[in-house]
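Have a look at the structure below, then the notes.
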């Protein structure tokens, strides 16, 4: 699609930055923007592809006309399977093909610009440190909600069902408790490690102690507040938080 603008990439870091931008766009299409993505994949249209751009935007479009294309092309005809599969399975299938496409584009650049064995290994290591799009979409990239919640609400002595730290109220309390701990001398290593393994359901990035997070009461995925446009102040007034994906599923007939 926009390969000509990307051929200035020369270093592993530049190619990885391109990879991360495209990945972020694809994750948005399959999570926070899933309703819009679903609508654009009309089976009545021609073969469509899902593109991720380095600017962290996504696009559903026809494939490039030139043969061979300037860049590797994503899976063709993703829209045809939309109504023939359950939505969850369809999104997972698109996610898997998107993962394959991202690797193809990244290593296309690596080959094009003569990356040696060490460069290719470094690029793959950087990529492999991130969860795949499939892992983010399916939820398998995050720790089980109960494990996460037991840490978030570590000061509570309630039963497991009553101590589930989820939703806006828990996230707001958790954010405040983290700030208090930072003022007292920081989190202990064990807590920081456990939270560090938690991934945002929107962007797929790891938890950071200086960021506000919120958990969906429906799917129990955690999100950066900035990714779902929720502030700590707004979260305090939300009794039950639904992430964009769950809200769209409930709204769709």
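In UniProt numbering, the protein residues as written are 1 to 253.
Each residue gets a CB set at the ideal place from its N, CA and C atoms; glycine is no exception.
Endpoints, alpha helix (DSSP H) assigned at residue i
i, result
"residue 206", "Run containing residue 206: none; DSSP gives neither H nor E here."
"residue 302", "The first residue shown for the chain is 1 and the last is 253, placing residue 302 beyond what the model contains."
"residue 37", "34-40"
"residue 133", "133-138"
"residue 232", "232-235"
Contact belief for residue i with residue j at Cβ below 8 Å, rounded distance in angstroms
i, j, result
"residue 74", "residue 97", "7 Å"
"residue 243", "residue 226", "Between residue 226 and residue 243 the Cβ distance is about 14 Å, and since that is not below 8 Å, they are no contact."
"residue 105", "residue 22", "7 Å"
"residue 34", "residue 247", "The pair is not a contact, with the Cβ atoms about 10 Å apart (cut-off 8 Å)."
Residue of the options minimising C-alpha distance to residue i
i, options, result
"residue 79", "246, 235, 59", "59"
"residue 139", "103, 102, 219", "219"
"residue 77", "50, 103, 99", "50"
"residue 53", "31, 24, 112", "24"
"residue 11", "40, 126, 81", "126"
"residue 37", "222, 115, 133, 82", "82"
"residue 41", "62, 117, 215, 27", "62"
"residue 17", "102, 134, 230, 136", "102"
"residue 137", "104, 90, 128, 112", "90"
"residue 31", "230, 202, 222", "202"
"residue 99", "130, 115, 198", "130"
"residue 238", "34, 230, 21", "230"
"residue 115", "26, 228, 15", "15"
"residue 48", "240, 242, 27, 94", "94"
"residue 112", "214, 71, 133, 124", "71"
"residue 215", "121, 198, 241", "241"
"residue 135", "246, 26, 13", "26"
"residue 122", "45, 39, 13, 56", "13"
"residue 55", "107, 224, 28", "28"
"residue 120", "132, 34, 107", "107"
"residue 291", "124, 39, 132", "For residue 291 there is no data in the structure shown, the boundaries of the chain being 1 and 253."
Residue i: first and last residue of the uninterrupted beta strand (DSSP E) it sits in
i, result
"residue 50", "49-52"
"residue 223", "222-224"
"residue 215", "213-215"
The ligand MG heavy atom lying under 7 Å from the CB of residue i
i, result
"residue 88", "The model on display carries no ligand, and the ligand MG is accordingly not part of it."
Completely contained beta strand (DSSP E) runs for the segment 54-84, where each covers 3 or more residues
58-61
Taking 8 Å as the cut-off, does the segment 58-68 touch the segment 86-97 (at least 3 CB pairs, one atom from each stretch)?
no
What are the complete alpha helix (DSSP H) segments, minimum 4 residues, inside the segment 88-129?
117-128
Taking contact to mean at least 3 C-beta pairs separated by less than 8 Å, is the segment 233-240 in contact with the segment 198-210?
no
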